[in-house]
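Colleague: Heads up: take any position in the sequence shown, counting from 1, add 1219, and you land on this note's numbering. Before I ask anything, let me first share the structure, which is written out below as C-alpha coordinates.
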Amino acid sequence: MDAHVSDLTKAIEERRSIRMFLRDKPVPRDLLDEALALAMRAPSNSNIQPWRLFLATGPRRDKLVEALLERASRGYPATVGLPQSFSALRSEIGALVYGSMGIARDDSEGRRMAQLRNWEFFRAPVAGVVCMHRDLGPADSLAVGMFLQTLVLALTERGLGTCLQVSIAHFPDVLREQLDIPDDLQIICGLAVGYADPEFAANQLRTPRNPVGENVVFLDG
1220 MDAHVSDLTK AIEERRSIRM FLRDKPVPRD LLDEALALAM RAPSNSNIQP WRLFLATGPR
1280 RDKLVEALLE RASRGYPATV GLPQSFSALR SEIGALVYGS MGIARDDSEG RRMAQLRNWE
1340 FFRAPVAGVV CMHRDLGPAD SLAVGMFLQT LVLALTERGL GTCLQVSIAH FPDVLREQLD
1400 IPDDLQIICG LAVGYADPEF AANQLRTPRN PVGENVVFLD G
(Lines of atoms letter the chains of each structure in order from A and count residues from 1; the text may use other names and numbers.)
(Lines give C-alpha, C1' and ligand atoms only; values in the text may rest on other atoms or scores of the structure.)
Protein backbone atom coordinates (compact mmCIF):
# COMPACT_ATOMS: atom_id res chain seq x y z
CA MET A 1 0.00 0.00 0.00
CA ASP A 2 1.21 3.52 -0.84
CA ALA A 3 2.63 5.29 2.23
CA HIS A 4 0.32 8.28 1.82
CA VAL A 5 -2.74 6.04 1.52
CA SER A 6 -1.57 4.17 4.62
CA ASP A 7 -1.27 7.45 6.56
CA LEU A 8 -4.76 8.48 5.44
CA THR A 9 -6.22 5.12 6.42
CA LYS A 10 -4.63 5.38 9.85
CA ALA A 11 -6.02 8.88 10.42
CA ILE A 12 -9.52 7.77 9.40
CA GLU A 13 -9.40 4.75 11.68
CA GLU A 14 -8.02 6.72 14.64
CA ARG A 15 -10.42 9.67 14.43
CA ARG A 16 -13.10 9.66 17.08
CA SER A 17 -15.18 12.18 19.01
CA ILE A 18 -13.20 13.30 22.06
CA ARG A 19 -15.35 14.17 25.06
CA MET A 20 -12.68 15.33 27.47
CA PHE A 21 -9.53 17.29 26.62
CA LEU A 22 -6.45 18.34 28.54
CA ARG A 23 -7.52 21.91 29.32
CA ASP A 24 -4.04 23.18 30.19
CA LYS A 25 -2.16 21.65 27.25
CA PRO A 26 -2.27 24.29 24.47
CA VAL A 27 -2.42 23.45 20.80
CA PRO A 28 0.63 24.76 18.87
CA ARG A 29 -0.46 27.35 16.33
CA ASP A 30 1.73 25.83 13.61
CA LEU A 31 -0.18 22.53 13.82
CA LEU A 32 -3.48 24.38 13.44
CA ASP A 33 -2.12 26.33 10.50
CA GLU A 34 -0.87 23.19 8.75
CA ALA A 35 -4.18 21.38 9.18
CA LEU A 36 -6.21 24.40 8.09
CA ALA A 37 -4.10 24.84 4.96
CA LEU A 38 -4.81 21.23 4.01
CA ALA A 39 -8.53 21.59 4.74
CA MET A 40 -8.70 24.61 2.43
CA ARG A 41 -8.04 22.17 -0.43
CA ALA A 42 -11.52 20.66 0.03
CA PRO A 43 -13.73 20.79 -3.09
CA SER A 44 -16.60 23.26 -3.37
CA ASN A 45 -19.22 24.35 -5.90
CA SER A 46 -17.73 26.97 -8.25
CA ASN A 47 -14.75 27.17 -5.87
CA ILE A 48 -16.63 29.54 -3.57
CA GLN A 49 -15.10 27.84 -0.49
CA PRO A 50 -18.20 28.52 1.65
CA TRP A 51 -16.78 27.45 5.00
CA ARG A 52 -16.19 30.07 7.67
CA LEU A 53 -14.52 29.05 10.90
CA PHE A 54 -14.13 31.14 14.05
CA LEU A 55 -11.51 29.83 16.51
CA ALA A 56 -11.26 31.08 20.08
CA THR A 57 -8.35 30.40 22.45
CA GLY A 58 -7.09 31.82 25.73
CA PRO A 59 -9.24 34.45 27.48
CA ARG A 60 -11.58 34.75 24.47
CA ARG A 61 -12.32 31.04 24.66
CA ASP A 62 -12.89 31.23 28.42
CA LYS A 63 -15.30 34.13 28.07
CA LEU A 64 -17.24 32.27 25.37
CA VAL A 65 -17.50 29.14 27.53
CA GLU A 66 -18.64 31.16 30.54
CA ALA A 67 -21.43 32.75 28.49
CA LEU A 68 -22.53 29.44 26.96
CA LEU A 69 -22.60 27.64 30.31
CA GLU A 70 -24.62 30.44 31.88
CA ARG A 71 -27.17 30.19 29.07
CA ALA A 72 -27.25 26.37 29.04
CA SER A 73 -27.73 26.25 32.82
CA ARG A 74 -31.15 27.87 32.25
CA GLY A 75 -32.25 25.03 29.98
CA TYR A 76 -31.45 23.29 26.73
CA PRO A 77 -33.30 20.90 24.41
CA ALA A 78 -33.12 17.13 24.78
CA THR A 79 -32.24 16.88 21.08
CA VAL A 80 -30.79 19.43 18.73
CA GLY A 81 -31.33 19.28 14.98
CA LEU A 82 -32.65 15.70 14.95
CA PRO A 83 -36.20 14.72 13.89
CA GLN A 84 -38.22 12.63 16.32
CA SER A 85 -38.23 9.72 13.87
CA PHE A 86 -34.47 9.31 14.46
CA SER A 87 -34.63 9.55 18.26
CA ALA A 88 -34.11 5.80 18.74
CA LEU A 89 -30.69 6.06 17.12
CA ARG A 90 -29.81 8.97 19.41
CA SER A 91 -30.86 6.89 22.42
CA GLU A 92 -28.61 4.05 21.30
CA ILE A 93 -25.53 6.23 21.00
CA GLY A 94 -26.44 8.00 24.24
CA ALA A 95 -26.46 4.69 26.09
CA LEU A 96 -23.01 3.87 24.72
CA VAL A 97 -21.53 7.28 25.54
CA TYR A 98 -22.97 7.59 29.05
CA GLY A 99 -22.17 3.95 29.73
CA SER A 100 -18.53 4.56 28.82
CA MET A 101 -18.53 7.43 31.33
CA GLY A 102 -19.95 5.20 34.05
CA ILE A 103 -23.19 7.20 34.20
CA ALA A 104 -26.28 5.08 34.86
CA ARG A 105 -29.53 5.62 32.95
CA ASP A 106 -31.29 6.82 36.12
CA ASP A 107 -28.44 9.18 37.15
CA SER A 108 -30.13 12.41 36.06
CA GLU A 109 -27.59 14.69 37.75
CA GLY A 110 -24.66 12.83 36.21
CA ARG A 111 -26.25 13.13 32.79
CA ARG A 112 -26.95 16.81 33.30
CA MET A 113 -23.34 17.53 34.22
CA ALA A 114 -22.09 15.50 31.25
CA GLN A 115 -24.42 17.39 28.90
CA LEU A 116 -23.22 20.75 30.19
CA ARG A 117 -19.68 19.81 29.19
CA ASN A 118 -20.84 20.25 25.59
CA TRP A 119 -20.95 24.00 26.14
CA GLU A 120 -17.45 24.15 27.55
CA PHE A 121 -16.20 22.35 24.43
CA PHE A 122 -15.30 19.41 26.65
CA ARG A 123 -12.57 21.65 28.14
CA ALA A 124 -10.70 21.86 24.82
CA PRO A 125 -8.29 24.81 24.66
CA VAL A 126 -9.46 25.62 21.11
CA ALA A 127 -13.17 26.35 20.66
CA GLY A 128 -14.43 26.64 17.11
CA VAL A 129 -17.71 27.71 15.51
CA VAL A 130 -18.45 26.65 11.92
CA CYS A 131 -20.55 28.91 9.71
CA MET A 132 -21.74 29.34 6.12
CA HIS A 133 -23.42 32.25 4.32
CA ARG A 134 -27.14 32.02 4.95
CA ASP A 135 -28.01 32.40 1.23
CA LEU A 136 -26.21 29.19 0.29
CA GLY A 137 -27.87 25.78 0.09
CA PRO A 138 -27.40 22.02 0.51
CA ALA A 139 -24.68 21.62 -2.12
CA ASP A 140 -22.58 24.23 -0.35
CA SER A 141 -23.16 22.65 3.05
CA LEU A 142 -21.63 19.50 1.55
CA ALA A 143 -18.49 21.52 0.85
CA VAL A 144 -18.43 22.71 4.46
CA GLY A 145 -18.66 19.09 5.54
CA MET A 146 -15.77 18.09 3.29
CA PHE A 147 -13.70 20.96 4.69
CA LEU A 148 -14.42 19.78 8.24
CA GLN A 149 -13.65 16.14 7.45
CA THR A 150 -10.35 17.10 5.88
CA LEU A 151 -9.57 19.33 8.85
CA VAL A 152 -10.29 16.74 11.55
CA LEU A 153 -8.28 14.09 9.68
CA ALA A 154 -5.34 16.47 9.32
CA LEU A 155 -5.55 17.29 13.03
CA THR A 156 -5.79 13.59 13.91
CA GLU A 157 -2.66 12.91 11.87
CA ARG A 158 -0.89 15.53 13.99
CA GLY A 159 -1.85 13.87 17.26
CA LEU A 160 -4.77 16.15 18.10
CA GLY A 161 -8.30 15.23 19.09
CA THR A 162 -11.52 16.81 17.86
CA CYS A 163 -15.25 16.78 18.43
CA LEU A 164 -17.87 18.24 16.12
CA GLN A 165 -20.77 19.57 18.20
CA VAL A 166 -24.27 20.26 16.95
CA SER A 167 -25.26 21.41 20.45
CA ILE A 168 -23.12 24.55 20.18
CA ALA A 169 -25.38 25.97 17.45
CA HIS A 170 -28.41 26.04 19.77
CA PHE A 171 -27.37 29.38 21.25
CA PRO A 172 -26.53 31.49 18.17
CA ASP A 173 -27.15 34.78 19.97
CA VAL A 174 -24.42 33.98 22.51
CA LEU A 175 -21.99 32.91 19.76
CA ARG A 176 -22.61 36.03 17.70
CA GLU A 177 -22.12 38.33 20.67
CA GLN A 178 -18.97 36.62 21.93
CA LEU A 179 -17.25 36.01 18.57
CA ASP A 180 -18.58 38.92 16.49
CA ILE A 181 -20.16 36.56 13.95
CA PRO A 182 -21.98 38.58 11.25
CA ASP A 183 -25.73 38.16 10.76
CA ASP A 184 -25.27 37.01 7.17
CA LEU A 185 -23.59 33.83 8.36
CA GLN A 186 -25.58 30.78 9.39
CA ILE A 187 -24.13 28.98 12.42
CA ILE A 188 -23.84 25.26 11.72
CA CYS A 189 -21.95 23.59 14.56
CA GLY A 190 -19.08 23.78 17.01
CA LEU A 191 -15.61 22.26 16.83
CA ALA A 192 -13.47 21.36 19.85
CA VAL A 193 -9.73 20.88 19.27
CA GLY A 194 -7.06 19.80 21.71
CA TYR A 195 -5.20 16.88 23.22
CA ALA A 196 -7.40 14.04 24.46
CA ASP A 197 -7.36 13.26 28.17
CA PRO A 198 -5.95 9.70 28.24
CA GLU A 199 -7.53 9.03 31.66
CA PHE A 200 -11.09 9.68 30.47
CA ALA A 201 -12.60 6.30 29.60
CA ALA A 202 -15.15 7.64 27.10
CA ASN A 203 -12.31 8.85 24.87
CA GLN A 204 -11.59 5.19 24.05
CA LEU A 205 -15.14 4.59 22.81
CA ARG A 206 -15.43 3.46 19.20
CA THR A 207 -19.00 3.90 18.03
CA PRO A 208 -20.38 1.26 15.64
CA ARG A 209 -20.91 1.82 11.93
CA ASN A 210 -23.35 0.17 9.54
CA PRO A 211 -22.15 -2.41 7.05
CA VAL A 212 -21.53 -0.65 3.72
CA GLY A 213 -24.48 -2.45 2.15
CA GLU A 214 -26.96 -0.72 4.46
CA ASN A 215 -26.06 2.73 3.13
CA VAL A 216 -24.72 2.12 -0.38
CA VAL A 217 -26.56 0.69 -3.38
CA PHE A 218 -24.51 -0.83 -6.22
CA LEU A 219 -26.29 -0.95 -9.60
CA ASP A 220 -24.77 -3.18 -12.28
CA GLY A 221 -26.15 -3.68 -15.78
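Every residue gets a Cβ at the ideal spot worked out from N, C-alpha and C, and that includes glycine. Since we're looking at a predicted model, the values are computed, not measured.
1. Just to confirm the assignment: which complete beta strand (DSSP E) runs, minimum length 3, are found wholly within the segment 1287-1359?
2. Alpha carbon to alpha carbon, what distance is there between L1372 and L1227?
3. Use the C-beta contact count for A1314: other C-beta atoms within 10 angstroms, 16 or more gives buried, fewer gives exposed.
4. Report the option in L1424, N1429, L1438 and G1432 whose CA atom is closest to the CA atom of V1316.
5. Which residue wins for smallest C-alpha separation from F1390, given the options T1381, C1408 and L1274?
6. Suppose contacts are defined by Cβ-Cβ distances below 8 Å. Is S1319 in contact with A1420 by that definition?
7. Since L1438 and C1350 are thought to touch, with beta carbons under 8 Å apart, how far apart are those beta carbons, to the nearest angstrom?
8. Buried or exposed for V1348, going by 16 or more other Cβ atoms inside 10 Å?
9. In three-state DSSP terms, what is L1383?
10. Straight-line CA distance for A1411 to S1327?
11. Is the segment 1374-1386 touching the segment 1265-1284 in the sense that three or more CB pairs, one from each, lie closer than 8 Å?
12. Do L1379 and L1367 have their beta-carbon atoms positioned less than 8 Å apart in this structure?
13. Taking the straight line between their C-alpha atoms, what separation do you get for L1287 and R1336?
14. Check the DSSP bridge columns for R1271 and list the partner residues they point to.
15. Skipping 5 residues on each side, what residues in its chain have a beta carbon closer than 7 Å to that of V1393?
16. Residue range of the beta strand (DSSP E) that A1411 falls in?
Modeller: Short version:
1. 1345-1352
2. 8 Å
3. exposed
4. L1424
5. C1408
6. yes
7. About 37 Å separates the two Cβ atoms, so there is no contact after all.
8. By the 16-neighbour rule on beta-carbons within 10 angstroms, V1348 is buried.
9. strand
10. 25 Å
11. no
12. no
13. 10 Å
14. Under DSSP, R1271 forms a beta bridge with C1350.
15. A1286, L1287 and R1290
16. Start and end: L1404 to G1413.
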